[in-house]
Amino acid sequence: MRNIRRRTAAVATLATLALAMTACSSGGGDDDGSSAKGGGNGVTIDDAHSKGAMADYKVGTTFKATEPVDFSLMYRDHPNYPVKDDWSIFQQLKTNQNVSFKRTDIALADWDNKKALLIGAGDAPEIIPLTYPGQETQFVSGGAILPVSDYVQYMPNFEQKVKDWGLQAELDTHRQADGKYYVLPGLREVPDVQYSVVVNDDMWKKAGITTDPATWDEFAQDLTKVKAANPSIKYAFSDRWNANNQSLGAFLQYVAPNFNTSAGWGYGNTWFNTDTKKFELTGTTDAYKQLVTYAAGLVSSGDLDPEITQTDDQAIQKFVTGKSAAISGNTQEITGYRTKAPKMKMHLIVLPGGPAGSNLAAGQLTAGQMISADAAKDPHFKAMLQFIDWLYYSDEGLEFAQWGVKGETYTKDASGVRKLEPNVGWNALNPDAPKKLNTDFGFSNGVFMPASGASKDLLQSVMSPEIKDWTNAVLAKKKVLPVSPAASLNEDELEQTSLLDTQIKDAVMAGTAKFITGQTPLSDWDKYVAQIKGLGSDQLVQTYNDAYQRTQDK
Amino acid sequence: MVTETTTPDITAVHASLTNVKETRGVAAFRIVNVVLLTLITVLTVYPFVNLLAKSFSSERYIAAGQVNLVPRGFNLDTLNYVVSDPMFWTNYKNTVVYTVLGTIISMALTTTYAYALSRRNLKGRGVFTGVALFTMFFSGGLIPNYILVANVLHMRNSVWAIVLPGAISVFNLLVMKSFFENFPAELEEAAALDGMTTYGVFFRIVMPLSKAVLATMTLFYAVSMWNSWFGAFLYLDKKDMFPVTVYLRNLIAAATQSAESQGAADTVQIGANIQSVTMLLTVLPIVCFYPFIQKYFVSGVMLGSVKG
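Protein chains in written order, with this note's numbering: chain A, 693 to 1246; chain B, 4 to 311.
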């Protein structure tokens, strides 16, 4: 029976693979809504499934299985560092933790699709890393994923970090209708700041601008000045990340919090209004309109290239050849721009503020692990939980996954400063070293650690001084917006809203792009709102508000 | 052929073609013809030349969009880099194995199936044709297919999962069937009278006389097998079993995904020149293979469709 349910669910989730298939979803009842409510009353693991587990495992303990254990692992193979069986990380884990892996190798390009396929067909390995919180929802009804919240009492490091870093509220938003969560997210001590505008220093100096703008309005004025001072450029700002009908995905994402809304890549249809305590449709709120008006202003004043469907390569080409003076970038991409234009001086501006203050989007959870439901039948189940807890959530495990082995790949002095060995490089650290920390040793590998960081200390330990200063400047200036409260939709609601959600989001994205380029005048905003309403936005918002109320009443 | 001449008989046309002085109509036709074909050739060849140029250019010039027909910042480092990756060659070897084995299996099944279907005295001919035709329009869907191949037939992580599903292309089968149907019955009757069995007729009379269609089908199967990656994506979990197309796909598709989905620290940074070299090496065998088999290719498909 469960197999059939899994298959049916998978058929629904795999629609992206767009093969000729007829999706029919099970109309089955909510019979699998378990009686156990999440939180305190977890499930106890019996002795039969505790083989290899440590008896006194707690925060600070180095995990080592009491007998050799072999876990099956879904492995995301990254083209930057193709997996090698003889990597140091595998040897170390075998020697020091008694852990080895049965890997299912999946190329990065196929990661999401094949993950869905394996889970749907019931063939998923036990450990499924690199799952963003929210992605697990589609698999929950299939029953193939473990409700891991039942077992977090076996994961002391996870629990402690959630507590120390104040992440419980955000974690709670990922509880499903049964009150449990099914993903162990990557935990970050500080919010993720990576994206901003990269500017061409020489061109900005020419315009007499030497400091970063304090607000986005100032940024717009700066662009006008830069264009005036550099007659050779057609547009001061020509932006990238326009794929999948999401124009200016990165730019709108990092500007939006300063208008107290979400947009671009960060766009979500529902926005929690903290005053009315109700969800609203993001794309029709006044804040969103204000943001769109701002972006449209950049285009109409001739500062922003109206080509907001161009490819990344086109936009980068304009920037590195000096045809534009600014482009979106992030802490890694700026290195890429520099290799493409070695003589150009550039920097990431400290993110400016906006009418709603100087804010960062909420969210300190990042990609983490799902565990397959079958893993609970593994005699080494408890050991697996301890191992995951140690590797992904303990200070020691995180440091090991990032930096490798003291003496082999790095050194650490008395003050705690880590340095890569001279013959080992990673990204901007020792860029000319013959060996790479990830390619040759397997460390700093997104499969074995949250790729975008965990503790602030560790995160900043691998940053170049420039990026570290930038990050600290942004964090010092910004206030983090509150997390939207949980609205746990049940299975039926999820099914009903998923279609609405997609079509409304598509319409918002299309509408946004038209307003920004000036194809639709902003005076037509009401028409656009009516169009979104026509697509069923009221029903969507109502469903969320009902679910929110239900969650509150519990 | 439309000309101004009053007698458009064959000798006149022939004369006009060989004559030094051509009529205006023929000249115009030729000019249009040459211009059009040159244009098409340029359109087709340009991407290949560009790929070649990019393969030997330095990343900097590619990023600036300055590489068109001639490499700029010429270097062989990229080529050396790709060629020195053992996984590339492992996957390349896999592709060759899958293609050869897959083509052999496909050809064996398709020719015998098509020949049998082409016999008018075959009992249940309609049913056998129908069975094949049905799969052309309906399929079980992705997950059922996966479960059948991976969990029922236990072919996951084996070469059979790549070469067996889809071994018979119904389109190819039908082309071949109609080719065999037009085979002169007298020839086979004569062979039968001389004491040949059905198999003898098939192997020693029909096959040697069907080189054109066999070559065409071999080409069809081999090229589609060489290019395929979906089967490997579905059924293979081990990197050293992947065909080179999956290797290539990972380099290219992954690099074009939005950086957002990966976290900036893990952004794919594969140089455009590395992509180019890999593409070049992957496409090379097929490009070399084509010219030699092309003559059959033209006559072969036609042969199947022309009723004698």
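Where a beta carbon is used, it is the ideal one built from N, C-alpha and C, also for glycine.
Kindly say whether residue i, judged by its beta-carbon, lies nearer than 8 Å to any beta-carbon of chain A.
i	result
B/Y95	no
B/V173	no
B/F137	no
B/N124	no
B/D80	no
B/R27	no
B/M90	yes
B/Y238	no
B/L156	no
B/A164	no
B/L283	no
B/N230	no
B/A149	First, the amino acid is wrong: residue 149 of chain B is Tyr here, not Ala. True, the Cβ-Cβ gap to chain A drops below 8 Å.
B/V249	yes
B/I289	no
B/I43	no
B/I146	yes
B/A193	no
With a threshold of 8 Å between beta carbons, is residue i in contact with chain B?
i	result
A/I1000	no
A/D1066	no
A/D997	no
A/I737	no
A/I1008	yes
A/T796	yes
Here's the rule I'm using: 16 or more other beta-carbon atoms within 10 Å means buried, otherwise exposed. How should residue i be labelled?
i	result
B/A66	buried
A/R768	buried
B/R312	As displayed, chain B neither begins before 4 nor continues past 311, which places residue 312 of chain B out of reach and without an answer.
B/G143	exposed
A/V791	buried
B/M139	exposed
A/A988	buried
A/T700	Bear in mind that the predicted position of A/T700 carries a pLDDT of just 44, short of 50, making it too unreliable to give a figure here.
A/K1128	buried
A/M1076	buried
B/P367	With chain B covering 4 to 311 only, the question about residue 367 of chain B has no answer from this structure.
B/P211	exposed
B/L72	exposed
B/H2	No information on residue 2 of chain B is available, as it lies outside the stretch 4 to 311 that chain B covers here.
A/D967	exposed
B/L40	exposed
If you run the structure through DSSP and keep just helix, strand and coil, what is residue i?
i	result
B/L167	coil
A/F943	helix
A/G1021	strand
A/L809	helix
A/H1039	strand
B/L72	coil
A/G956	helix
A/D797	strand
A/V875	coil
A/P821	strand
A/T754	coil
A/D880	Note on identity: in this sequence residue 880 of chain A is Arg, with Asp being the wrong assignment. Coil at A/R880, not helix or strand.
A/D722	Reliability fails at A/D722, whose pLDDT of 36 lies under 50, so the model's placement of it is uncertain and the value that follows must be treated cautiously. Coil at A/D722, not helix or strand.
A/G1045	strand
A/E972	strand
Check the C-beta distance from residue i over to residue j and give it rounded, since I have them as a contact under 8 Å.
i	j	result
A/K1169	A/S1050	6 Å
B/N160	B/K242	Rounded, the Cβ-Cβ distance is 11 Å, inconsistent with contact.
A/P998	A/T754	Not really, about 57 Å apart at Cβ, beyond 8 Å.
A/Y824	A/S888	Contact flag wrong, Cβ pair sits at about 22 Å.
Which chain E residues are close to residue i, counting only those with a beta carbon under 9 Å from its beta carbon?
i	result
B/N253	Reference to chain E is not applicable here, since the protein chains of this structure are A and B.
Compute the minimum distance between the beta carbon of residue i and the heavy atoms of the ligand GDP, and state whether it is under 7 Å.
i	result
A/L1191	Absent from the structure shown: the ligand GDP. Ligands present: none.
- Name, going along the chain, the residues of the stretch 798 to 819 of chain A whose beta-carbon falls closer than 7 Å to a beta-carbon of chain B. Of all residues in the stretch 798 to 819 of chain A, A799, L800, A801, D802, K806, L809, G812, A813 and D815 have a Cβ within less than 7 Å of some Cβ in chain B.
- Between the stretch 1010 to 1027 of chain A and chain B, which residues of the former have a C-beta closer than 8 Å to a C-beta of the latter? Listed by position along the chain: V1012, T1013, N1022, T1023, Q1024 and E1025.
- Item | Under 7 Å (Cβ pairs) to chain B, residues found in the stretch 762 to 777 of chain A | Hits within the stretch, in order: D769, H770, P771, N772, P774 and V775.
- Message: Please list, in chain order, the residues of the stretch 1030 to 1052 of chain A that have any C-beta partner in chain B closer than 9 Å.
- Response: If the cut-off is 9 Å between Cβ atoms, the stretch 1030 to 1052 of chain A has T1031, K1032, A1033 and P1034 near chain B.
- Just by C-beta distance, which residues in the stretch 55 to 79 of chain B are closer than 8 Å to chain A? The stretch 55 to 79 of chain B vs chain A, Cβ under 8 Å: E62, R63, A66, A67 and G68.
- Which residues, taken in chain order from the stretch 103 to 120 of chain B, show a beta carbon closer than 8 Å to some beta carbon of chain A? Hits within the stretch: zero.
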